[in-house]
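*Asks:* Got a structure here, written out as structure tokens. Questions coming.
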Amino acid sequence: MSSTEPRFLADYRPADFTINTVNLSIELADTSTKVINELELVKQGDHQQALVLNGEHLTLISLVLNDQPLHAELYQLNDTLLTIPASSLPEGDSFTLIITTEINPLENTALEGLFKSGDAFCTQCEAEGFRRISYYLDRPDVMATFTTKVTADKTLYPFLLSNGNKIDSGDLPGNQHFVTWYDPFPKPCYLFALVAGNFDLLEDKFTTMSGREVALEIFVDKGNLAKAEHAMVSLQKSMAWDEQTFGLEYDLDIYMIVAVDFFNMGAMENKGLNVFNSKFVLADSQCATDSDYFNIEAVIAHEYFHNWTGNRVTCRDWFQLSLKEGLTVFRDQQFSGDMHSSAVTRIQNVRVLRSLQFAEDAGPMAHPIRPEKVLEMNNFYTLTVYEKGAEVIRMLHTLIGVENFRKGMDFYFARFDGMAVTCDDFINAMSDASGKDLTQFKLWYSQYGTPVIKVAQAFDAATGIYTLTLSQQSPVTKKQENPQALHIPIKIELINKDFDTNASVNTSNLNQTKLLELTQDTQTWSFSGFSQQPTLAMLADFSAPVKLDFSQDETALLTVMKNAENSFCRWDAGQKLLMSYIQHLTFDADYVISPALIDAINSMLMGGEDRAFIAEQISLPSFDEAAGLMIDIEPLALFDAISTLSLFIAQGAQQQLLATYQACQQVGEEDCVANRALKNVCLSYLSRLPEYQYLVAEQYQQAANNNDITQENMTDTLAALTCSAKVNLPDLSEQLQHFENKWHDTTLVMDKWFAIGASIVSDDIFTQLNDLLKHPQFTLKNPNRARSIISAFAMNNPKYFHCKTGKGYQFLAQQIAKMNEINPQVASRLVTPLIQYKSFATAHQQLMKAELITLHALPNLSNDLKEKLDAALI
Ligand code: ARG
Ligand code: ZN
Numbered sequence: 000m001s002s003t004e005p006r007f008l009a010d011y012r013p014a015d016f017t018i019n020t021v022n023l024s025i026e027l028a029d030t031s032t033k034v035i036n037e038l039e040l041v042k043q044g045d046h047q048q049a050l051v052l053n054g055e056h057l058t059l060i061s062l063v064l065n066d067q068p069l070h071a072e073l074y075q076l077n078d079t080l081l082t083i084p085a086s087s088l089p090e091g092d093s094f095t096l097i098i099t100t101e102i103n104p105l106e107n108t109a110l111e112g113l114f115k116s117g118d119a120f121c122t123q124c125e126a127e128g129f130r131r132i133s134y135y136l137d138r139p140d141v142m143a144t145f146t147t148k149v150t151a152d153k154t155l156y157p158f159l160l161s162n163g164n165k166i167d168s169g170d171l172p173g174n175q176h177f178v179t180w181y182d183p184f185p186k187p188c189y190l191f192a193l194v195a196g197n198f199d200l201l202e203d204k205f206t207t208m209s210g211r212e213v214a215l216e217i218f219v220d221k222g223n224l225a226k227a228e229h230a231m232v233s234l235q236k237s238m239a240w241d242e243q244t245f246g247l248e249y250d251l252d253i254y255m256i257v258a259v260d261f262f263n264m265g266a267m268e269n270k271g272l273n274v275f276n277s278k279f280v281l282a283d284s285q286c287a288t289d290s291d292y293f294n295i296e297a298v299i300a301h302e303y304f305h306n307w308t309g310n311r312v313t314c315r316d317w318f319q320l321s322l323k324e325g326l327t328v329f330r331d332q333q334f335s336g337d338m339h340s341s342a343v344t345r346i347q348n349v350r351v352l353r354s355l356q357f358a359e360d361a362g363p364m365a366h367p368i369r370p371e372k373v374l375e376m377n378n379f380y381t382l383t384v385y386e387k388g389a390e391v392i393r394m395l396h397t398l399i400g401v402e403n404f405r406k407g408m409d410f411y412f413a414r415f416d417g418m419a420v421t422c423d424d425f426i427n428a429m430s431d432a433s434g435k436d437l438t439q440f441k442l443w444y445s446q447y448g449t450p451v452i453k454v455a456q457a458f459d460a461a462t463g464i465y466t467l468t469l470s471q472q473s474p475v476t477k478k479q480e481n482p483q484a485l486h487i488p489i490k491i492e493l494i495n496k497d498f499d500t501n502a503s504v505n506t507s508n509l510n511q512t513k514l515l516e517l518t519q520d521t522q523t524w525s526f527s528g529f530s531q532q533p534t535l536a537m538l539a540d541f542s543a544p545v546k547l548d549f550s551q552d553e554t555a556l557l558t559v560m561k562n563a564e565n566s567f568c569r570w571d572a573g574q575k576l577l578m579s580y581i582q583h584l585t586f587d588a589d590y591v592i593s594p595a596l597i598d599a600i601n602s603m604l605m606g607g608e609d610r611a612f613i614a615e616q617i618s619l620p621s622f623d624e625a626a627g628l629m630i631d632i633e634p635l636a637l638f639d640a641i642s643t644l645s646l647f648i649a650q651g652a653q654q655q656l657l658a659t660y661q662a663c664q665q666v667g668e669e670d671c672v673a674n675r676a677l678k679n680v681c682l683s684y685l686s687r688l689p690e691y692q693y694l695v696a697e698q699y700q701q702a703a704n705n706n707d708i709t710q711e712n713m714t715d716t717l718a719a720l721t722c723s724a725k726v727n728l729p730d731l732s733e734q735l736q737h738f739e740n741k742w743h744d745t746t747l748v749m750d751k752w753f754a755i756g757a758s759i760v761s762d763d764i765f766t767q768l769n770d771l772l773k774h775p776q777f778t779l780k781n782p783n784r785a786r787s788i789i790s791a792f793a794m795n796n797p798k799y800f801h802c803k804t805g806k807g808y809q810f811l812a813q814q815i816a817k818m819n820e821i822n823p824q825v826a827s828r829l830v831t832p833l834i835q836y837k838s839f840a841t842a843h844q845q846l847m848k849a850e851l852i853t854l855h856a857l858p859n860l861s862n863d864l865k866e867k868l869d870a871a872l873i
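All residue numbers for the sequence shown refer to numbering that gives the first Met the number 0, where the first residue is 0 and numbers rise by one.
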């Protein structure tokens, strides 16, 4: 177990020793892998400190210091540390230490360090997994060059991979063989990787902008070669994009990606050897959805971009995680926007932020994007560090402009290549490049919580002057008693037209677009030259991760929806209108929805926007997005409100929904993704009306059970199944049966099947969940599979997760308790919906809290869960 004391950013100090070179020899065996770790250490400065190495779940075999065995009385060993006191260390400043340990990969269900994924060996070292492989200075500011020799059975493990370039290989007695790798780039141990297995290999290449040829290799389970092609193309696109956008070229001669089924997270950017959750590699049109394709491309890009933002320049300490993650998420979002519709990509990113990150920032684990106190580092791979971190980088990009941003990136690499640095170092590079004072901007790194911006407007008809007053407020709590005003870029548009007339209300037809820099608690801006009050479109492009306290009436919202030039504003105004109905209906189930809504929906459906955009426009805010804007949430009332609104739209706009559904079906290959997106939103509305439910069955047949297999499509299949599950249509069980028969051998597709099963809106759900848990293919040991039931239920089935009896909360807590023993990291992620209990009405709070108390009393409670439960239960 790791230490149970939290660590503080303020306590950072440089290491007393560094490591220049690491020579690893790893002899793989399921239950007793031998690791010989030869280190060249250098004492930093003149001191008498002990050498303290991290190590967990290791069996120490021997220590050799400068060629002399180090006997047990000369060092101390406990569960987490190996301490060699100064008195046992040699005289000079540099010395060698050879550490031999044994580990048990087969028993490693936490999937940290070296573990088995199916028949293959693989590693996950970020954040602090290397200490489960050998004793080491496991901190990111200790950077060394690694040579790694891997030895294993030749038949079972024909491929032996590690970071860098292959420098040696050969056969050994007893059907063993070895490969030696050398990585010339000094790196922290969290970027170390090793993989051994029997794979199919997809090979291609990329010629860099300076004309070097790089071998690209993607390793997948046998039989999956064709499913790696999309990942390969995505990799090539990412490499080209980073050259074009940032002038960043790949540095080694080989880039390898391995797809494994057992993985805690999405993927890992180990130098030259990325390890991926197979879910973010494997795809073909029969088994992957359009969003799978999109996500694969994004994650491949994300890990590739880390080669510069993360690997060449890394983090000084783990509190700086957003230095690499916020920046790399920003880069992958920009890439996705360039590859697809930038408007739709932005909307989807904002949806994630508002539904999940805002909740995190309002919950008990809220932290600044650069946390100050950490018990278990794995708990800080959060939406805040990643997604809000990316928003902070985006604000910087907005404030200094694209050219200065590029210049700042160039400065950053020129100054810090090969170093481990801080978020401040990054901001300083941006400030120096742009000449902009970013002192106040840095507060985004130290303050937490979603700021609320209050909007007030005035118009003086006599002078034609429009006045806008903005005030900001960050949460005031015990953790943050006196938040300062942040530097917030607010992009606005002042619209000169009414929604129902094309006549301009001003001499100029052009809307005025402005970038306002809100730096004080309250600030006022005036704009002149208006003959009538313009309509305000706030937060163009969602220029800052804030909430608005701004009520706009229906007329104003309709004007923005129709006349804003900024696509984000057009979309957001529609969402606000929908949200206002959801809010009303939550408090009053009999609230009468204005028929104007149907006109608005119809005109969106018939409007000139692209179809992917229309799909986003007519999609209702999700349960979580809506919840994020409410307090004392009555979850069942909220669920009913969303259902009522959905039914109202289905009834009112049925003709146009049907016409659009049919029109989208008739298009060929071009824009098929956008067409499917819109078609399937229409279907989800239509499936609420008995007279159109036949469409769901038809679509399922077409997409999943077609005589012409090339016509089959997973996006449409899953959309139909989702409708069947949400409305609990009579065909559902037959469809699920068919699906299972068809896909029982395809792990990733079966994950989708389990997830649909867990999201059925039916009073039988708890029986069904128990059946799913007993399914022969269910195992808590595979994180994707575990999440396919547990998270799918807790996140996608709000009606039963929040049911009055508390059974939903209990179900989740029981699974977390089991997972705590198997995989603490995954267990800790699953607890998120429960720790946010304070946003719900009292009766629900009590039920959720009771489960948290039960969990807190578990024997063997991991640090991961403990940190969250402690925070939630104060
Ligand atoms: N650096 C990886 C990525 O964002 C994530 C690794 C997270 N691993 C963990 N154990 N928390 O690409
Ligand atoms: Zn990352």
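Glycine included, C-beta positions come from ideal geometry on N, C-alpha and C.
A quick note: this is a predicted structure, and the numbers were derived from the prediction, not measured.
1) Determine, using beta-carbon pairs with one atom in the stretch 378 to 387 and one in the stretch 303 to 320, whether at least three such pairs fall under 8 Å.
2) May I ask you to list the residues that DSSP assigns as paired with Tyr135?
3) Could you name the residues that DSSP lists as bridge partners for Tyr254?
4) Give the secondary structure of Glu866 by DSSP, where H, G and I count as helix, E and B as strand, and everything else as coil.
5) Report the option in Met376, Ile834, Ala428 and Leu62 whose CA atom is closest to the CA atom of Glu72.
6) Taking the alpha-carbon positions, what's the Leu950 to Gln446 distance?
7) Considering only residues of the same chain and omitting the five flanking positions on each side of Glu878, which have a CB-CB separation below 8 Å?
8) Quick one, which of Arg315, Arg345, Pro68 and Val21 has its alpha-carbon nearest Arg138's?
9) Is DSSP giving Arg12 helix, strand or coil here?
10) Roughly how many angstroms lie between the CA atoms of Gln472 and Val349, to the nearest whole one?
11) Please list the terminal residues of the continuous alpha helix (DSSP H) segment that includes Thr344.
12) Report the three-state DSSP secondary structure of Pro858 (helix, strand or coil).
13) Just the Cα atoms here: how many angstroms apart are Val504 and Gln531?
14) Check the DSSP bridge columns for Ala419 and list the partner residues they point to.
15) Going by beta carbon distance, what residues of the same chain come within less than 6 Å of Ile788, once the five residues before and after it are set aside?
16) Return the chain-ordered list of same chain residues with a C-beta closer than 6 Å to the C-beta of Phe541, the five sequence neighbours on each side being excluded.
17) Is it true that the CB of Phe120 sits closer than 7 Å to the CB of Lys148?
18) For the beta strand (DSSP E) holding Leu61, just list the boundary residues, first then last.
19) In terms of residue numbering, what span does the beta strand (DSSP E) encompassing Thr547 cover?
20) Straight-line CA distance for Ala502 to Leu509?
21) On the criterion of 16 or more Cβ atoms from any shown chain inside 10 Å, does Val41 qualify as buried, or is it exposed?
22) Could you tell me which uninterrupted alpha helix (DSSP H) segments, each at least 4 residues in length, are contained entirely in the stretch 350 to 376, listed from first to last along the chain?
23) With respect to the beta strand (DSSP E) encompassing Cys121, which residues constitute its N-terminal and C-terminal limits?
24) Within 10 angstroms of its Cβ, does Ile873 collect 16 or more other Cβ (buried), or is it exposed?
25) Would you tell me roughly how many angstroms separate the C-alpha atoms of His583 and Ala625, rounded to the nearest one?
26) Who does Val454 pair with in a DSSP beta bridge?
27) Going by DSSP, what residue range makes up the beta strand (DSSP E) through Leu201?
28) Examine ligand 2 and report whether any of its heavy atoms sits within less than 6 Å of the Cβ of Thr327.
29) From the DSSP output, which residues share a beta bridge with Asn273?
30) What does the alpha-carbon distance come out to for the pair Gln333 and Gly400?
31) If I measure Cβ to Cβ from Lys798 and keep anything under 6 Å in the same chain, skipping five residues before and after, which residues do I get?
32) Given a cut-off of 7 Å on the beta-carbon distance, is the pair Ile392 and Phe329 in contact?
33) Give the single residue among Pro782, Thr804, Tyr836 and His801 whose Cα lies nearest to the Cα of Arg828.
34) If we ignore side chains and look at the alpha-carbon of each, how far apart do Leu688 and Glu668 end up?
35) Counting C-beta neighbours from all protein chains within 10 Å, is the total for Arg211 16 or more, i.e. buried, or is it exposed?
36) Using the three-state DSSP reduction, which class does Asp520 fall into: helix, strand or coil?
*Replies:* By the coordinates alone:
1) Yes, the stretch 378 to 387 is in contact with the stretch 303 to 320.
2) Beta-bridge pairing links Tyr135 to Asn53.
3) DSSP lists Leu215 as partners of Tyr254.
4) Reduced to three states, the DSSP call for Glu866 is helix.
5) Nearest C-alpha to Glu72: Leu62.
6) Outside the displayed span of the chain (0 to 873) sits residue 950, for which this structure offers no information.
7) Lying before the first or after the last residue shown, residue 878 is absent from the chain, which here runs from 0 to 873.
8) The residue with the shortest Cα to Cα distance from Arg138 is Arg315.
9) Coil.
10) Near 21 Å, if we compare the C-alpha coordinates of Val349 and Gln472.
11) It spans Ser341 to Val351 - the alpha helix (DSSP H) in which Thr344 sits, taken as one unbroken run.
12) Three-state result, Pro858: coil.
13) Low per-residue confidence applies at Val504: pLDDT is 46, beneath 50, and the placement is therefore not dependable enough to give any value.
14) According to DSSP, Ala419 bridges with Thr313.
15) Short of 6 Å from the beta carbon of Ile788, and not among the five residues preceding or following it, lie these beta carbons of its own chain, in chain order: Phe753, Ala757 and Leu771.
16) Cβ within range, chain order: Val349 and Phe567.
17) No, the pair does not count as a contact, with Cβ atoms beyond the cut-off.
18) Residue 61 is actually Ser in this sequence, not Leu. Counting along the chain, Ser61 sits inside the beta strand (DSSP E) bounded by residues Thr58 to Leu64.
19) One detail in the question is off: residue 547 reads as Leu in this sequence, not Thr. Where Leu547 is concerned, the enclosing beta strand (DSSP E) stretches over Lys546 to Asp548.
20) A caution first: Ala502 carries a pLDDT of 46, below 50, which makes its placement in the model unreliable, though a value can still be read off. Put simply, the backbone Cα of Ala502 is about 12 Å away from that of Leu509.
21) Classification of Val41: exposed, given that the 10 Å Cβ count is below 16.
22) Those alpha helix (DSSP H) runs which fall completely within the stretch 350 to 376 and span 4+ residues are 357 to 361.
23) Ala119 to Gln123 is the extent of the beta strand (DSSP E) around Cys121.
24) Ile873 comes out exposed.
25) Spanning the two alpha carbons is a distance of roughly 12 Å.
26) Here Val454 is bridged, per DSSP, to Leu469.
27) Per DSSP, Leu201 belongs to the beta strand (DSSP E) from Phe198 to Thr206.
28) Indeed, a heavy atom of ligand 2 lies less than 6 Å from the Cβ.
29) Beta-bridge analysis with DSSP links Asn273 to Ile256.
30) If you draw a straight line from the Cα of Gln333 to the Cα of Gly400, it is about 14 Å long.
31) Apart from the 5 residues on each side of it in sequence, Lys798 sits with its Cβ closer than 6 Å to the Cβ of Phe638 and Val760 in its chain, given in chain order.
32) For Ile392 and Phe329, yes; Cβs fall inside 7 Å.
33) The shortest Cα separation from Arg828 among Pro782, Thr804, Tyr836 and His801 belongs to Pro782.
34) Straight through space, the alpha carbons of Glu668 and Leu688 are spaced by roughly 30 Å.
35) Exposed, because fewer than 16 other Cβ atoms sit within 10 Å of the Cβ of Arg211.
36) Note: Asp520 maps to coil in three-state DSSP.
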